[in-house]
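Student:
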Amino acid sequence: MAVRTLLILHPIFQCSNPSNKKRPFQQTPSLSSFRTNLISFGFRLRSKLFLSSPSSQQTPSSPKDNPAEAYRAEPHTDKPIGYLLIRSISGLLGRIRVDNVGFEILSIALPAALALGADPIASLVDTAFVGHIGSVELAAVGVSVSVFNLVSKLFNVPLLNVTTSFVAEQQALDSNEGSNIQKPEMLMSGKKHLPAVSTSLALAAGIGILEALALSLGSGLLMNIMGIPVDSPMRAPAEQFLTFRAYGAPPIVIALAAQGTFRGFMDTKTPLYAIAIGNLLNAALDLVLLFYLGLGVGGAAVATVVSEYVIAFILLWKLNEKVILILPTMGVGVVRYLTSGGLLIARTIAVLLTMTLATSMAAKEGPIPMAAHQICLQVWLAVSLLNDALALAGQALLASEYTKGNYKQARTVIYRALQFVTLSQPINALAFVFDGLYYGVSDYAYAAYSMVLVGLLSSVFLLIASPISGLPGVWAGLFLFMFLRTAAGFLRLGSKAGPWKMVWSDDNRKLNQATEEWHP
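Sequential numbering from 22 applies to the sequence shown in this note's numbering.
Below, the structure written as structure tokens:
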């Protein structure tokens, strides 16, 4: 009953009535009325996705070509509710096109996918080298890397996403006609004047220094939290590795801010080249420091840190050719960065807690189920790299077009991004791409609050299902987690609330006309 009430009261169910706009939506307790409302919701969402798509602007010649007429021509009262979902997915697949926007998305996403894949490959190389030293050292490095990555994801990923959107927005504003005023410093250097870049780099430097201090000074406390006792043979090498890796925190955060800037410029090739050079250097230094000089896990950490400084140097060097890095106004927008970043930190915490709970519940099943879970999880995360890259492309393009006020082109970006991901991992892919679309229009509040709610519901399910069903219950919880993220994305895009009101703004008249024709 609660779900039914929520669906009926949701704004997207309240079909417009041009002849009597003040008439309230008539709610009846009958199942047929609920079915009609659900079909109304699906058709309105389908109309948004297809009726206003640039590829469907031609005048249809038959009901077969017109979604509204085709819908009227078919009897739906006796159709199962799942019919609408299948119909929408088939229509989405039938309209996949690789047009100019599609090529633009792919040109951004493919280099980004290679760059995202470079880090896991480099980690595998490090693991292989350290594994030749001994099993204790390998386990110690695994614990230290887990701690380091947890801190990095918590603060660095929000900064990366916020920087991408803000730089794309500011560049779009500066490129608008009449707003691209040539400032004196721009005329002298020939570089772009983007305060968002300076602000993000300054914040990155500060965050990196704080992370370095926390990781190096608190390595012992962090080992205690991870359950590594003082007398454990893993304790000393784990602390040594984490302390050395801490010195690499500042270049990592600065490099991520620079990557976010390049992404805002829709340039994912430069970060790819820098990361490739750094990872090759890391592998070469591993060979020298571990096997020729015999420095052990400390040598592995030094190799990683040196490569991180090289990556940061290359990115700043290339970025300095395009943008003035240090500006007197670099403090402008700090509050906006902190507000948006804080929301994304809350979102990241919700994701990490849910994933950590799933791993914890799998570990309680025993070593064999835990090993199976870890293998499946790594494969699951690995195949999501392309989805992350598509999310990145959608974020950068949508931020640019939305800021320019080019809402028609913004919708085209949404169509193409959602269509590409239907070809792989539908639920996961859609969930990841919706993240990029949220960030593209700076819809950080909904992204954070919805993720907290989704994480809470999924965690409750995991706590109930795992003791009953074991490992299948854990993965059922992970599937529910991704499904709810996807559902939240569809609801947000279809609700026309917040920034999405502007994206769908010139759809109103067409959609009202279409719904008026068939609505009883």
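The beta-carbon is built from N, C-alpha and C at its ideal position, and this holds for glycine as well.
Computed from a predicted model, the values in this text were never measured in an experiment.
(1) Give, in chain order, every unbroken run of the alpha helix (DSSP H) that is at least 4 residues long and sits entirely within the stretch 317-377.
(2) So, do the stretch 356-366 and the stretch 467-477 have three or more beta carbon pairs nearer to each other than 8 angstroms?
(3) Residues in its own chain within less than 6 angstroms of glycine 299 by CB, not counting five upstream and five downstream?
(4) Using a Cβ-Cβ cutoff of less than 6 angstroms, which residues in the same chain neighbour proline 520 once the five nearest sequence positions on both sides are dropped?
(5) Around the Cβ of isoleucine 246, are there at least 16 other Cβ atoms within 10 angstroms (buried) or fewer (exposed)?
(6) Using DSSP bridges, identify the partner residues of lysine 213.
(7) Suppose the cutoff is 7 angstroms on Cβ atoms and the five residues either side in sequence are ignored; what does the same chain contact list for alanine 324 look like?
(8) Report buried or exposed for serine 167, applying the criterion of at least 16 other Cβ atoms within 10 angstroms of its Cβ.
(9) Where in the stretch 201-286 do unbroken runs of the alpha helix (DSSP H), each at least 4 residues long, occur, reported from the N-terminal end onward?
(10) Where do the ends of the alpha helix (DSSP H) carrying alanine 305 lie?
(11) Quick one: measure Cβ to Cβ for isoleucine 154 and glycine 317, integer angstroms, because I've assumed they're closer than 8 angstroms.
(12) Would you give the residue range spanned by the alpha helix (DSSP H) that isoleucine 485 belongs to?
(13) Once you ignore the five residues that flank serine 487 on each side, which residues in its own chain have a CB closer than 6 angstroms to its CB?
(14) Rounded to the nearest angstrom, what separates leucine 175 and alanine 161 at their Cα positions?
(15) How close, in whole Å, do the beta carbons of serine 221 and glycine 281 come, if the pair is a contact with beta carbons under 8 angstroms?
(16) According to DSSP, simplified to helix, strand and coil, what is glycine 498?
(17) So, at 7 angstroms on beta carbons, what are the nonlocal neighbours of alanine 267 in its own chain, with the 5 sequence-adjacent residues on each side left out?
(18) Tell me whether the beta-carbon of asparagine 170 lies closer than 8 angstroms to the beta-carbon of valine 274.
(19) Counting C-beta neighbours from all protein chains within 10 Å, is the total for tyrosine 313 16 or more, i.e. buried, or is it exposed?
(20) Among residues of its own chain, excluding the 5 on either side of isoleucine 228, which ones have a beta-carbon nearer than 6 angstroms to its beta-carbon?
(21) Would you mind sorting proline 272 into buried or exposed? The rule is 16 or more other CB atoms within 10 Å of its CB.
(22) So, at 8 angstroms on beta carbons, what are the nonlocal neighbours of alanine 226 in its own chain, with the 5 sequence-adjacent residues on each side left out?
(23) With respect to 7 angstroms, is the separation between the Cβ of valine 164 and the closest non-hydrogen atom of the ligand FMN below this value?
(24) Using 8 angstroms for Cβ pairs, my map puts leucine 458 next to phenylalanine 482. What's the rounded Cβ distance?
(25) Specify the secondary structure class of isoleucine 448 as computed by DSSP and reduced to three states.
(26) Exposed or buried, which one is serine 240 when buried takes at least 16 other CB atoms within 10 Å?
(27) With DSSP collapsed to three states, give me the class of threonine 175.
(28) Using the Cβ count rule (16 or more neighbours within 10 Å means buried), how would you classify alanine 223?
(29) Rounded to the nearest angstrom, how far is the Cβ of leucine 231 from that of leucine 263, given a contact under 8 angstroms?
(30) Does leucine 314 come out as helix, strand or coil in the three-state DSSP assignment?
(31) Looking at C-alpha atoms only, which residue of Ala257, Met503, Ala217 is the closest neighbour of threonine 375?
(32) Using the Cα positions of phenylalanine 455 and valine 183, report the straight-line distance between them to the nearest angstrom.
(33) Using the beta-carbon count (16 or more within 10 Å), is serine 165 buried or exposed?
(34) Contact defined as beta carbons within less than 8 angstroms: I believe glutamate 158 pairs with proline 250. What is the distance between those atoms, to the nearest angstrom?
Tutor: On the basis of the data shown:
(1) The alpha helix (DSSP H) runs lying completely inside the stretch 317-377 and spanning 4 residues or more are 317-341, given in chain order.
(2) yes
(3) Ser328, Val331, Ile332
(4) Val462, Asp464
(5) exposed
(6) Val344
(7) Excluding residues within five positions, the ones whose Cβ falls inside 7 angstroms are Asn303, Leu306, Asp307, Leu310.
(8) exposed
(9) 205-210, 216-238, 240-246, 256-267, 270-285
(10) 290-307
(11) Cβ-Cβ separation between isoleucine 154 and glycine 317: approximately 6 angstroms, consistent with a contact (criterion under 8 angstroms).
(12) 465-490
(13) Contacts found: Met382, Gly494, Val495.
(14) 22 angstroms
(15) 6 angstroms
(16) helix
(17) Taking C-beta separations shorter than 7 angstroms and ignoring five residues to either side along the sequence, the partners of alanine 267 in its chain run Ala233, Leu236, Ser237, following chain order.
(18) no
(19) exposed
(20) Phe176, Val274
(21) buried
(22) Pro271, Val274, Ile275
(23) Among the components of this structure there are no ligands whatsoever, and the ligand FMN is therefore not found.
(24) So it is not a contact: roughly 26 angstroms between Cβ atoms.
(25) Reduced to three states, the DSSP call for isoleucine 448 is helix.
(26) Answer is buried; the Cβ neighbour count reaches 16.
(27) In the sequence on display, residue 175 carries leucine and not threonine. The answer is helix: DSSP assigns leucine 175 an H, G or I state.
(28) buried
(29) Actually they are not in contact, since the Cβ atoms of leucine 231 and leucine 263 sit about 16 angstroms apart, beyond 8 angstroms.
(30) coil
(31) Considering only Ala257, Met503, Ala217, the residue with the shortest C-alpha distance to threonine 375 is Met503.
(32) 15 angstroms
(33) buried
(34) Not confirmed; about 17 angstroms, so no contact.
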